[in-house]
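The next block holds one structure in the form of structure tokens; read it before the comments.
Chains as they are written, first to last, in my numbering: chain C, 113 to 224; chain B, 289 to 400.
Dropping the structure here:
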């Protein structure tokens, strides 16, 4: 069965520092992978997606993620975090009848 | 209005009340979804509508009753809810049941 694990519940980084949010998935076939961001009081916004091809994908707001099949991972990165990046981040795998399966999320706090 | 809108944004109801959540998408999509987001749990897919027909019902209790009168509108009718039903209810839409889903801001439901 498919599942997504986000091992970090909460991460705090300083503004301007680099960021990496971890995501591991379990799925028997080639995965479709996604990162969403949820700001307080808002719905989920798609940051980026991986379907096939280049394993390093670029998204909006300066984010990127790298698919590593050998590690079953799809970690999200940003070289320099801005205060407005404070939010909750969700990794998801697309499986089955075009359904999304989400992780439990990582809350990002940015300190000045 | 743009994107996916949801009303009301906040709802407090007693266990014997009947209420409805409304979702409207302005993206021209033909598939709509209801998700439940509870603290520290992954998003749970509740219902999927494609071309106004319900195509998925993930073992959701009958006290939740969805309705999709057209491809732009989705309702979730609630009756005799339990306190554990308190959560953020998210609506999403997509084109042709794709993985690329667009979310509304959610309705924060509190059952007292």
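From the three backbone atoms N, C-alpha and C, an ideal C-beta is built for every residue, glycine too. It should be emphasised that the depicted structure is a prediction, and the values quoted were computed from it without experimental measurement.
- Query: Per DSSP, what kind of secondary structure is residue 312 of chain B in: helix, strand or coil?
  - Reply: Translated into positions along the second chain, residue 312 of chain B becomes position 24. If DSSP states are grouped into helix, strand and coil, residue 312 of chain B belongs with the strands.
- Specify, as a first and last residue, the run of the beta strand (DSSP E) that residue 169 of chain C falls within. As a working mapping, residue 169 of chain C is identified with position 57 in the first chain. Counting along the chain, residue 169 of chain C sits inside the beta strand (DSSP E) bounded by residues 168-170.
- Message: Using a Cβ-Cβ distance cut-off of 8 Å, determine whether residue 341 of chain B contacts chain C.
- Response: In the second chain, the residue the question calls residue 341 of chain B occupies position 53. Chain C, which has no Cβ nearer than 8 Å to the Cβ of residue 341 of chain B, makes this no.
- Would you call the CB atoms of residue 365 of chain B and residue 353 of chain B closer than 8 Å? Taking the second chain and counting its residues from 1, the one referred to as residue 365 of chain B is at position 77. Taking the second chain and counting its residues from 1, the one referred to as residue 353 of chain B is at position 65. In this structure, residue 365 of chain B places its C-beta atom within 8 Å of the C-beta atom of residue 353 of chain B.
- Query: Within 8 Å (strictly less), CB to CB, does residue 354 of chain B reach chain C?
  - Reply: Numbered from its first residue, the second chain carries residue 354 of chain B at position 66. False, the Cβ-Cβ gap to chain C never drops below 8 Å.
- Message: Tell me which residues share the same chain as residue 162 of chain C and place their Cβ nearer than 6 Å to its Cβ, disregarding the 5 neighbours each side in the sequence.
- Response: For the purposes of this step, residue 162 of chain C is identified with residue 50 of the first chain, where counting begins at 1. So the list reads 145, 169 and 179, once near-sequence residues are dropped.
- Task: Give me the Cβ distance between residue 315 of chain B and residue 294 of chain B, rounded to the nearest whole Å; I'm assuming they're in contact under 8 Å.
- Result: As a first step, residue 315 of chain B must be located in the second chain, where it is residue number 27. As a first step, residue 294 of chain B must be located in the second chain, where it is residue number 6. The Cβ separation is near 14 Å, so there is no contact.
- Query: Counting only beta-carbon atoms, is residue 206 of chain C nearer than 8 Å to chain B?
  - Reply: By one-based count along the first chain, residue 206 of chain C stands at place 94. Cβ-Cβ to chain B under 8 Å: yes for residue 206 of chain C.
- Query: With contact counted as at least three CB pairs below 8 Å, one residue from each stretch, are the region 333-351 of chain B and the region 294-308 of chain B in contact?
  - Reply: Judged by Cβ distances under 8 Å, the region 333-351 of chain B makes no contact with the region 294-308 of chain B, as fewer than three pairs qualify.
- Closer than 8 Å to chain B by CB, residue 161 of chain C: By one-based count along the first chain, residue 161 of chain C stands at place 49. By this cut-off, residue 161 of chain C is an interface position.
- Tell me where the beta strand (DSSP E) around residue 249 of chain B begins and ends. An answer regarding residue 249 of chain B cannot be provided, because it is not within the stretch 289 to 400 covered by chain B.
- Query: Under 7 Å Cβ-Cβ, which residues of chain C neighbour residue 394 of chain B?
  - Reply: One-based indexing of the second chain puts residue 394 of chain B at position 106. Chain-order list of chain C residues neighbouring residue 394 of chain B: 155, by C-beta distance under 7 Å.
- Return the residue from the list C/139, C/211, C/114 and C/222 that minimises the CA-CA distance to residue 200 of chain C. Sequence index remark: in the first chain, residue 200 of chain C carries index 88 (1-based). If we check each option's Cα against that of residue 200 of chain C, C/222 comes out closest.
- Task: Count the other CB atoms, across all protein chains shown, that sit within 10 Å of the CB of residue 218 of chain C; report buried if there are 16 or more and exposed otherwise.
- Result: On the first chain, position 106 is the one that residue 218 of chain C refers to. Around the CB of residue 218 of chain C, 16 or more other CB atoms lie within 10 Å, so the residue is classed as buried.
- Ordered along the chain, which non-local residues of its own chain (more than five positions away) have a Cβ less than 8 Å from that of residue 342 of chain B? Locating residue 342 of chain B in the second chain gives position 54, counting from the first residue. Contacts found: 335, 336, 354 and 356.
- How should residue 130 of chain C be labelled, buried or exposed, when 16 other C-beta atoms within 10 angstroms of its C-beta is the threshold for buried? Against the first chain, residue 130 of chain C aligns to sequence position 18. Here residue 130 of chain C is exposed, its C-beta having fewer than 16 other C-beta atoms within 10 Å.
- Query: Got a sec: which bits of the region 358-387 of chain B sit with their beta carbon under 7 Å from any beta carbon on chain C, in order along the chain?
  - Reply: If the cut-off is 7 Å between Cβ atoms, the region 358-387 of chain B has 378, 385, 386 and 387 near chain C.
- Positions along the region 126-148 of chain C whose CB lies within less than 9 Å of some CB in chain B: Identification of residues in the region 126-148 of chain C having a C-beta nearer than 9 Å to some C-beta of chain B yields 144, 146 and 148, given in sequence order.
- Cβ atoms of residue 380 of chain B and residue 326 of chain B: under 8 Å apart, would you say? Walking along the second chain from the start, residue 326 of chain B turns up at place 38. Walking along the second chain from the start, residue 380 of chain B turns up at place 92. No Cβ-Cβ contact shorter than 8 Å links residue 326 of chain B with residue 380 of chain B.
- Name the residue from C/123, C/153, C/138 and C/157 whose alpha carbon lies nearest to the alpha carbon of residue 391 of chain B. Walking along the second chain from the start, residue 391 of chain B turns up at place 103. Out of C/123, C/153, C/138 and C/157, C/157 has the C-alpha closest to the C-alpha of residue 391 of chain B.
- Message: Residues in the same chain with beta-carbon distance under 6 Å from residue 185 of chain C, minus the five sequence neighbours each way, listed in chain order, please.
- Response: For the purposes of this step, residue 185 of chain C is identified with residue 73 of the first chain, where counting begins at 1. Counting only Cβ-Cβ distances below 6 Å, and skipping sequence neighbours, we find 136.
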